[in-house]
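Enquirer:
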């Protein structure tokens, strides 16, 4: 139940006009099933900025507020406090004035650790409310002062072959509760892999690629959907690096001929990180891809994912359906699972029985039963779905429809009064209809069970600090189907690159969407088993906005660039909408 101090915070926010009463009501309801402060819930729902929360907390607890710690931090003070203490309580001394130490904190509800800080620092402490990101930057800078980055570390590795063998084969698996950063001063290869992972997490990389070639081993990070080369590892260290990753992932270090898949669980700056490891043999040795997933509670709204306007209104209405299948399509890494998690969160309430079957479970959602697929013991999507139906669910999420059996069970589940969410690998929304038919589902079952299909992609957001204004050429506008009379098209932005975005010109990603609602006209076409292009043309005539059209709209608003839209939607050309006679 919401605590008294949370209700008091809401009263202050309402009094200042920072939130609306219905937003507070929603946050307090969500808080009943999520172990979070009400301020966190309001921020993650996108209803209020962190600084407004800090201002209200400062008034509530009579604590000063610092809007930014930039250029105000004495780095020598951090080393006076054990790093485990800082990570646990998120309290960092950042300035000294006379004998008093000013301590940055983000949550003033628990102030008891300040007594411990007073003893550790040997003087009085003054609490100051600061943004969470500023505190995290202080913690990160502490570790940067203590050691090297991965690229610098490579030059310092001078181990002999005997040392390689002895070190690697006697190391203990670090899949434990120990924080990865605590291991930074151990053996060189361990330190290199640790720095590799911490660097990737710090740069918001989704994947680490370790790729052997004839004379070197290339390391690349995938950041915001694009691969960037980071550095090379000498071939002499290839076996040591691959073996270290295998040990961390509980894989067979003696097997070099067959593909292997594993998982690494670590703690980094107090956060749980789940890393899926895939290793395959190539001509020059084993190739490794490590996919990074930050575990934890999921709290995203559909708006925060980039969904707005008519698409958002349609999806909100679809989520109120009592039965049917809602499909999300797109290639790997297009945010399909994230969208479905946001949808589940929207419908999650104490009066609903919601069960999922996933591979993997990327986020834990309070109040929802989540099943991890385990094919080795016979727990597949199909068998998991069959068992779910015996649990009297209202809403079901199937991670992915991969075969006829899973598709058939999902269809029949929807026809027997269940709302089913799932994903499918197709390029656009119309292609999902023909894909289900090709899987062996009768067209009349597809049309009677499916309520909507949403295709989506992720596009990079242009960096707001260094973006550059320009006037586009008329032929470029025509190529993307932009009306030359649209005044927004006379002032667009291009990516440049600065220190804030690591010279990439982009920071973060947002979604673009294409929603196909199964209207009577679309159902009639599907029953005739027509080509997906015919369905798509009809859907556009009925008002559907394609992926490229939605992307162009984001570019016109200054959120991204035309180049990025073309890169992501190459398979979605502009077509004229033909009106019926």
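In our numbering, the protein residues as written are 7 to 587.
Built from N, CA and C at the ideal position, the CB exists for glycine as well.
On the criterion of 16 or more Cβ atoms from any shown chain inside 10 Å, does residue 112 qualify as buried, or is it exposed?
Expert: In the chain shown, the residue the question calls residue 112 occupies position 106. Per the 10 Å Cβ criterion, buried.
Enquirer: Taking only three categories from DSSP, how would you classify residue 284?
Expert: Along the chain shown, read from residue 1 onward, the residue named residue 284 stands at position 278. Here residue 284 sits in strand by DSSP.
Enquirer: Excluding the 5 residues preceding and the 5 following residue 309 in the sequence, name in chain order all residues of the same chain whose CB lies nearer than 7 Å to its CB.
Expert: For this step, residue 309 is matched to residue 303 along the chain shown. Result list for residue 309: 52 and 318, in chain order.
Enquirer: In angstroms with no decimal places, state the Cα-to-Cα distance between residue 17 and residue 116.
Expert: Looking up residue 17 in the chain shown gives position 11. Looking up residue 116 in the chain shown gives position 110. Each residue's Cα considered, the two are about 20 Å apart.
Enquirer: Would you mind working out which of 250, 136 and 338 sits nearest residue 625, comparing C-alpha positions?
Expert: Given that the chain is displayed from residue 7 to residue 587, the structure contains no residue 625 and the question cannot be resolved.
Enquirer: Quick check on the burial criterion: 16 or more other C-beta atoms within 10 angstroms. Buried or exposed for residue 242?
Expert: The residue you call residue 242 lines up with position 236 of the chain shown. So residue 242 ends up on the exposed side.
Enquirer: For residue 548, does the count of other Cβ atoms within 10 angstroms reach 16, so buried, or fall short, so exposed?
Expert: On the chain shown, position 542 is the one that residue 548 refers to. Looking at its Cβ environment, which holds fewer than 16 other Cβ atoms inside 10 Å, residue 548 is exposed.
Enquirer: Suppose you measure from the CA of residue 286 to the CA of residue 264; what does that come to, to the nearest Å?
Expert: Taking the chain shown and counting its residues from 1, one reaches residue 286 at position 280. Taking the chain shown and counting its residues from 1, one reaches residue 264 at position 258. Their Cα atoms are separated by approximately 7 Å.
Enquirer: Please return the same chain residues whose Cβ sits closer than 6 Å to the Cβ of residue 136, not counting the five positions on each side in sequence.
Expert: By one-based count along the chain shown, residue 136 stands at place 130. Contacts found: 72, 75 and 110.
Enquirer: Between which two residues does the alpha helix (DSSP H) holding residue 590 run?
Expert: Any answer about residue 590 is impossible in this case: the structure gives the chain only from 7 up to 587.
Enquirer: Looking at the structure shown, is residue 542 part of a helix, part of a strand, or coil, going by DSSP?
Expert: Mapped onto the chain shown, residue 542 falls at position 536. In this structure, residue 542 counts as helix in the three-state DSSP scheme.
Enquirer: For residue 153 and residue 81, I'd like the C-alpha separation in whole angstroms.
Expert: Reading the chain shown from its first residue, position 147 is the one you call residue 153. Reading the chain shown from its first residue, position 75 is the one you call residue 81. Note on residue 153: pLDDT 46, under 50, position unreliable in the model; the coordinate value appears next. Rounded to whole angstroms, residue 153 to residue 81 spans 15 Å at the Cα level.
Enquirer: Would a C-beta distance cut-off of 7 Å place residue 43 and residue 372 closer than the cut-off?
Expert: Stepping through the chain shown from its first residue, residue 43 is reached at position 37. Stepping through the chain shown from its first residue, residue 372 is reached at position 366. No, the pair does not count as a contact, with Cβ atoms beyond the cut-off.
Enquirer: Residue 572 to residue 432, Cα distance in whole Å?
Expert: As a position in the chain shown, residue 572 is number 566, starting the count at 1. As a position in the chain shown, residue 432 is number 426, starting the count at 1. Their Cα atoms are separated by approximately 18 Å.
Enquirer: By the 10 Å Cβ neighbour count, where 16 or more other Cβ atoms means buried, how is residue 492 classified, buried or exposed?
Expert: Position 486 of the chain shown, counted from the first residue, corresponds to residue 492. Answer is exposed; the Cβ neighbour count stays below 16.
Enquirer: Hey, residue 86 and residue 126 are a contact pair by Cβ (cut 8 Å); roughly how many whole angstroms apart?
Expert: Here residue 86 corresponds to residue number 80 of the chain shown, with the count starting at 1. Here residue 126 corresponds to residue number 120 of the chain shown, with the count starting at 1. With a Cβ gap of about 7 Å, residue 86 and residue 126 count as contacting.
Enquirer: Relative to the alpha-carbon of residue 509, which residue among 469, 499, 536 and 381 has its alpha-carbon at the smallest distance?
Expert: Translated into the one-based positions of the chain shown, residue 509 becomes position 503. That would be 469, whose Cα lies nearest to the Cα of residue 509.
Enquirer: List the endpoints of the continuous alpha helix (DSSP H) containing residue 306.
Expert: Against the chain shown, residue 306 aligns to sequence position 300. First-last for residue 306: undefined, no H or E at that position.
Enquirer: Helix, strand or coil for residue 1, going by three-state DSSP, please let me know.
Expert: Residue 1 lies beyond the residue range present for the chain, which begins at 7 and ends at 587; the question has no answer from this structure.
Enquirer: From residue 218 to residue 341, what distance separates their C-alpha atoms?
Expert: Locating residue 218 in the chain shown gives position 212, counting from the first residue. Locating residue 341 in the chain shown gives position 335, counting from the first residue. Cα to Cα, residue 218 sits roughly 29 Å from residue 341.
Enquirer: In angstroms, rounded to a whole number, what distance separates the CA positions of residue 315 and residue 38?
Expert: By one-based count along the chain shown, residue 315 stands at place 309. By one-based count along the chain shown, residue 38 stands at place 32. For residue 315 and residue 38, the distance between alpha carbons rounds to 29 Å.
Enquirer: Determine the DSSP secondary structure at residue 315, reduced to helix, strand or coil.
Expert: By 1-based counting over the chain shown, the position of residue 315 is 309. Note: residue 315 maps to helix in three-state DSSP.
Enquirer: Quick one: Cα of residue 536 to Cα of residue 439, how far?
Expert: For the purposes of this step, residue 536 is taken as the residue at position 530 of the chain shown. For the purposes of this step, residue 439 is taken as the residue at position 433 of the chain shown. Rounded to the nearest angstrom, the two C-alpha atoms are 10 Å apart.
Enquirer: For residue 218, list the residues DSSP reports as bridge partners.
Expert: Counting from one through the chain shown, the residue named residue 218 turns up at place 212. Answer is 223, bridged to residue 218.
Enquirer: In angstroms with no decimal places, state the Cα-to-Cα distance between residue 32 and residue 352.
Expert: Locating residue 32 in the chain shown gives position 26, where the first residue counts as 1. Locating residue 352 in the chain shown gives position 346, where the first residue counts as 1. C-alpha separation (whole angstroms): 11 Å.
Enquirer: Just curious, the alpha helix (DSSP H) that residue 103 is in, first and last residue?
Expert: For the purposes of this step, residue 103 is taken as the residue at position 97 of the chain shown. Run containing residue 103: none in the alpha helix (DSSP H); it sits in the beta strand (DSSP E), 97 to 103.
Enquirer: For residue 110, which three-state DSSP category applies?
Expert: Here residue 110 refers to the residue found at position 104 when the chain shown is read from its first residue. If DSSP states are grouped into helix, strand and coil, residue 110 belongs with the strands.
Enquirer: Assuming residue 524 contacts residue 456 under a Cβ cut-off of 8 Å, what Cβ separation, rounded to an integer in Å, is found between them?
Expert: Within the chain shown, the letter at position 518 stands for residue 524. Within the chain shown, the letter at position 450 stands for residue 456. That pair is a contact at about 5 Å.
Enquirer: In terms of residue numbering, what span does the alpha helix (DSSP H) encompassing residue 243 cover?
Expert: Sequence index remark: in the chain shown, residue 243 carries index 237 (1-based). Looking at the DSSP string, residue 243 is not in any alpha helix (DSSP H), and its letter there is neither H nor E.
Enquirer: Please classify residue 95 as buried or exposed, where buried requires at least 16 other C-beta atoms within 10 Å of its C-beta.
Expert: In the chain shown, the residue the question calls residue 95 occupies position 89. The residue in question, residue 95, is buried, as its Cβ has 16 or more Cβ neighbours within 10 Å.
Enquirer: Exposed or buried, what is residue 5 when buried is set at 16 or more other beta-carbons lying within 10 Å of its beta-carbon?
Expert: There is no way to answer for residue 5, as the model of the chain reaches only from 7 to 587.
Enquirer: Return yes when the Cβ of residue 239 is within less than 7 Å of the Cβ of residue 247, no when it is not.
Expert: The residue labelled residue 247 in the question sits at position 241 within the chain shown. The residue labelled residue 239 in the question sits at position 233 within the chain shown. Yes, the Cβ-Cβ distance between residue 247 and residue 239 is below 7 Å.
Enquirer: Helix, strand or coil for residue 78, going by three-state DSSP, please let me know.
Expert: Taking the first residue of the chain shown as 1, we reach residue 78 at position 72. Looking at residue 78 - three-state DSSP - the assignment turns out to be coil, as it is neither helix nor strand.
Enquirer: Which residue marks the beginning of the alpha helix (DSSP H) containing residue 62, and which one marks its end?
Expert: The residue you call residue 62 lines up with position 56 of the chain shown. Its alpha helix (DSSP H) spans residues 56 to 67.
Enquirer: To which residues of the same chain is residue 10 closer than 6 Å at the C-beta, ignoring the five residues directly before and after it?
Expert: Counting from 1 along the chain shown, the entry for residue 10 is found at position 4. Here the set comprises nothing.
Enquirer: Could you spell out where the beta strand (DSSP E) holding residue 551 opens and where it closes?
Expert: Start at 1 with the first residue of the chain shown, and residue 551 comes out as number 545. Per DSSP, residue 551 belongs to no beta strand (DSSP E) and is neither H nor E.
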